[in-house]
Amino acid sequence: MQPILPYAIVGLLYAALAVYVWRTRWSGHDGEISQRLPAGFEHYAVLAPLGLHGWLLAQSALGGPALVLGVGNAISAILWLTVLIYWVGNFFYKLEGLQSLVMPVAAIAALLPALLPAPPPLPNTELGVFKVHLLISMLAYSLFTIGSLHVLLMALLERRLHDGVLSQTLQRLPPLLAMEALLFRIIWAGFVLLTLTLASGVMFSEELFGRAAKFSHKTVFGVLSWLIFAALLAGRHIYGWRGRVAVRWTLAGFLTLVLAYIGSKFVLEVILGRG
1219 MQPILPYAIV
1229 GLLYAALAVY
1239 VWRTRWSGHD
1249 GEISQRLPAG
1259 FEHYAVLAPL
1269 GLHGWLLAQS
1279 ALGGPALVLG
1289 VGNAISAILW
1299 LTVLIYWVGN
1309 FFYKLEGLQS
1319 LVMPVAAIAA
1329 LLPALLPAPP
1339 PLPNTELGVF
1349 KVHLLISMLA
1359 YSLFTIGSLH
1369 VLLMALLERR
1379 LHDGVLSQTL
1389 QRLPPLLAME
1399 ALLFRIIWAG
1409 FVLLTLTLAS
1419 GVMFSEELFG
1429 RAAKFSHKTV
1439 FGVLSWLIFA
1449 ALLAGRHIYG
1459 WRGRVAVRWT
1469 LAGFLTLVLA
1479 YIGSKFVLEV
1489 ILGRG
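For the sequence shown, this note's numbering begins at 1219 and goes up steadily by one.
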């Protein structure tokens, strides 16, 4: 395990941004803090914890002769990519409502490498095919994480619309139809990357893992997640699925994907104590 202080600093910075956004966007009134700080402060302030988080990840996962990617580093890396994608995407889409959801999750994830045991280094990490496989799988997880948080924000907006009570933040969000269109763009991108992840894992199993592909717990849940997202996209195209149906299928696919990789690594490394 790593020294906890630098990880705690990153977690506190993420948490402080989440509190700032809550006080100035979600508490029902614009606080005095937002009036004193420049516009867009919270967007560029993300770079501080994001940069430190990335540096700590590089030291923890890449600091030795081989890649160390236990469940703590894996979740932390996925959330680091999630924050990075969110930060870049905020230049092109109105995603400020997501910050209050992304930051608390990132604050917890940033602490995990210091709290969870690190397994032995992974084999075959010098292979180019392994690096590509790892990158696309991490990007897929990150996109589906953003998609899941985005769909929760949509569900909140839809419920508040039915209740007739909208905070200033919800009023500034794009219309539900625009948010829905963005959701399915995210899901399509994640689905393509998930397809490439599964395909590369099967085709290059011996190079990546030293054995032929087999139907393990990880493979079964990975394929099941792929099928759920494929059904969601097909239902959207054929039947125009939206609203609560899209929420349920998106969250079901994401939770299944979490069980496929993160869940299996957690059981092996934390509960069973095996690398």
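Built from N, CA and C at the ideal position, the CB exists for glycine as well.
As the structure is a computational prediction, the values presented were derived from the model and not from experiment.
With a cut-off of 8 Å on the beta carbons, I'd call residue i and residue j a contact; round off their distance for me.
i: residue 1272; j: residue 1334; result: Incorrect: roughly 19 Å between the Cβ atoms, too far for contact.
i: residue 1238; j: residue 1267; result: So it is not a contact: roughly 12 Å between Cβ atoms.
i: residue 1411; j: residue 1312; result: Wrong, their Cβ atoms sit about 24 Å apart, outside the cutoff.
i: residue 1320; j: residue 1367; result: 6 Å
i: residue 1405; j: residue 1340; result: Not really, about 29 Å apart at Cβ, beyond 8 Å.
i: residue 1350; j: residue 1418; result: 7 Å
i: residue 1470; j: residue 1439; result: 12 Å between Cβ atoms; not a contact.
i: residue 1270; j: residue 1227; result: 7 Å
i: residue 1299; j: residue 1356; result: 6 Å
i: residue 1465; j: residue 1323; result: About 18 Å; that fails the 8 Å criterion.
Which of helix, strand or coil does DSSP assign to residue i?
i: residue 1344; result: coil
i: residue 1302; result: helix
i: residue 1232; result: helix
i: residue 1258; result: coil
i: residue 1336; result: coil
i: residue 1286; result: coil
i: residue 1349; result: helix
i: residue 1226; result: helix
i: residue 1311; result: coil
i: residue 1331; result: helix
i: residue 1250; result: Any reading at residue 1250 is ruled out, since the residue's pLDDT is 48, under 50, leaving its predicted position unreliable.
i: residue 1367; result: helix
i: residue 1221; result: coil
i: residue 1316; result: helix
i: residue 1374; result: helix
i: residue 1391; result: coil
Between residue i and residue j, is the Cβ-Cβ spacing less than 8 Å?
i: residue 1275; j: residue 1295; result: yes
i: residue 1443; j: residue 1400; result: no
i: residue 1236; j: residue 1325; result: yes
i: residue 1316; j: residue 1293; result: no
i: residue 1402; j: residue 1454; result: yes
i: residue 1225; j: residue 1328; result: yes
i: residue 1354; j: residue 1414; result: yes
i: residue 1318; j: residue 1240; result: yes
What span of residues does the alpha helix (DSSP H) with residue i cover, start to end?
i: residue 1186; result: Outside the shown range of the chain, which is 1219 to 1493, sits residue 1186, and nothing can be said about it.
i: residue 1268; result: 1265 to 1280
In chain order, each alpha helix (DSSP H) run of at least 4 residues that lies wholly inside the stretch 1430 to 1480: Here the runs fully enclosed are 1435 to 1457, 1461 to 1476.
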